[in-house]
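Right, one structure below, let's go through it.
Structure, rendered in structure tokens:
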């Protein structure tokens, strides 16, 4: 069991490093405008990938674990739904790109690559369901090496914008080929009659809703920013996003590690231990935020370049989002998952998406990328508050003690004391 956890954690860590590393690399080999374009098409790729997956990344693991003998049929059905979902979102993006005069071959290649990665995720779900986590890790390592090699080789001949698209396409093909080979299934395994795909759509919808809400919440800001400002603003905002991703990497690791322990504490009503966990989490994020406050700007300069140090004006908001996610999200998400209240998570996300879209449409046209950061902070806070309300309504308790709450508000107070002359938006 411990080895499986190490292998699964290795896959997650590799993907996180891959996502951050890609952006770090392209900030150094391209100018800020080109990096902005690459950031935009990469976000479109991520959006299409998650929309097309339609929640099957989770649903397949559950279904295959329940009945491994029907794995081939389940995989075929998921491939059918994903294919229809992909072509639906593909047509929408092509129409939008045509109307906004932003259609390009690079965008087309990125969107096409998303389909192959989406199909390969079904094979990874099969490997996870049967406990072959190391196999999944090796496939991701091989494909990442291929991606790095393609970038380094093609950089000798063509511009970053073009070789980034070719490399991601080859990377997506390698994921699909390797994963299909290990699962002994065809790369394209659609046998389900089209008329029955509608039922599969309905079955997968409960799993897809939260994923789709997260996709919208995580990308709508960039699409709005791209419409009102240049790709330079998109590039700067993407660096803010990558920094935030780096701060919450530990969030996902803690979530995975604590899930069994939290489930045990909740089952035995050990509220003292639950609050103790929250206290340790609050202390951890406080240390992370202090490190970012004192050294973050130097890391930004080293990793991304001096032209991106302008994000120092958003230091408070970046720290604020990390504090809220670790303190308001983590322990309450664990409770809602372990207590079977998934619907409450969906409601909180729905409210957060609606409010954040209103904030984004108001602030981004006025303040650019800093308005997008402010909108993200508001959305993070709103969802966190509704998580607390949902938990309070279900169990009658707030899973925070005075010490964990102090670790949220004390650093915010001292930040304003030290930097009282600074404004949130520039």
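Numbering (our numbering), first residue to last: 1 to 426. Glycine included, C-beta positions come from ideal geometry on N, C-alpha and C.
{"Item": "Contact with chain C by residue 305, beta-carbon distance below 7 Å", "Value": "In the displayed structure, chain C is absent; only one protein chain is listed."}
{"Item": "Exposure of residue 15, with buried meaning 16 or more beta-carbon neighbours within 10 Å", "Value": "exposed"}
{"Item": "Where residue 69 sits in the DSSP three-state scheme", "Value": "Its pLDDT being 49, under 50, residue 69 is placed unreliably in this model, and the value from its coordinates should be taken loosely. Residue state, collapsed to three classes: helix."}
{"Item": "Through-space distance from residue 227 to residue 340, alpha-carbon basis", "Value": "40 Å"}
{"Item": "Proximity winner among 221, 199, 83, 17, relative to residue 190 (alpha-carbon distances)", "Value": "83"}
{"Item": "As assigned by DSSP and simplified to three states, the class of residue 16", "Value": "helix"}
{"Item": "Straight-line gap, residue 338 to residue 262 (C-alpha atoms, nearest Å)", "Value": "8 Å"}
{"Item": "Nearest to residue 222 (by Cα), restricted to the options 158, 49, 370", "Value": "370"}
{"Item": "For residue 379, the first and last residue of its enclosing alpha helix (DSSP H)", "Value": "369 to 395"}
{"Item": "Limits of the unbroken alpha helix (DSSP H) element including residue 162", "Value": "160 to 183"}
{"Item": "Best match in 343, 378, 388 for proximity to residue 331 [C-alpha to C-alpha]", "Value": "388"}
{"Item": "Proximity to residue 383 [Cα-Cα], best of 400, 409, 353, 368", "Value": "353"}
{"Item": "Other residues of its chain near residue 305: CB distance less than 7 Å, five sequence neighbours each side excluded", "Value": "27, 28"}
{"Item": "Any 3 or more C-beta pairs closer than 8 Å across the segment 177 to 188 and the segment 118 to 133", "Value": "yes"}
{"Item": "Reduced DSSP secondary structure (H/G/I, E/B, other) of residue 279", "Value": "helix"}
{"Item": "Every unbroken alpha helix (DSSP H) within the segment 264 to 345, with a cutoff of 4 residues, ordered by chain", "Value": "271 to 303, 315 to 324, 331 to 338"}
{"Item": "Residue range of the alpha helix (DSSP H) that includes residue 123", "Value": "105 to 129"}
{"Item": "Alpha-carbon spacing of residue 277 relative to residue 392, whole angstroms", "Value": "18 Å"}
{"Item": "Close-in-space but distant-in-sequence residues of the same chain around residue 13 (CB under 6 Å, 5 per side omitted)", "Value": "none"}
{"Item": "Range of the contiguous alpha helix (DSSP H) that encloses residue 143", "Value": "133 to 154"}
{"Item": "From 137, 44, 21, residue whose alpha carbon lies closest to that of residue 234", "Value": "44"}
{"Item": "Short Cβ contact (7 Å threshold) for residue 346 with residue 210", "Value": "yes"}
{"Item": "Beta-carbon separation (whole angstroms), residue 78 vs residue 172, contact threshold 8 Å", "Value": "The pair is not a contact, with the Cβ atoms about 17 Å apart (cut-off 8 Å)."}
{"Item": "Own chain, CB closer than 6 Å to residue 200, minus 5 neighbours either side, in chain order", "Value": "77, 81"}
{"Item": "Validate contact between the segment 317 to 330 and the segment 279 to 293 using beta carbons, cut 8 Å, 3 pairs", "Value": "yes"}
{"Item": "Close Cβ partners of residue 266 (< 6 Å) along its chain, the five nearest in sequence each way excluded", "Value": "338"}
{"Item": "Backbone secondary structure at residue 28 - three-state DSSP", "Value": "helix"}
{"Item": "Cα-Cα separation between residue 349 and residue 150, rounded to whole angstroms", "Value": "38 Å"}
{"Item": "C-alpha gap between residue 69 and residue 142, whole angstroms", "Value": "Residue confidence is low: residue 69 scores 49 on pLDDT, short of 50, so the model does not pin down where it sits. Its coordinate-derived value is still stated next. C-alpha separation (whole angstroms): 29 Å."}
{"Item": "Top-ranked residue by Cα proximity to residue 57, from 110, 185, 273, 206", "Value": "206"}
{"Item": "Inter-residue spacing [alpha-carbon to alpha-carbon] between residue 203 and residue 50", "Value": "17 Å"}
{"Item": "Reduced DSSP category for residue 54 - H, G, I as helix; E, B as strand; rest coil", "Value": "coil"}
{"Item": "Residue 314, buried or exposed, once every other Cβ within 10 Å from all chains shown has been counted against 16", "Value": "buried"}
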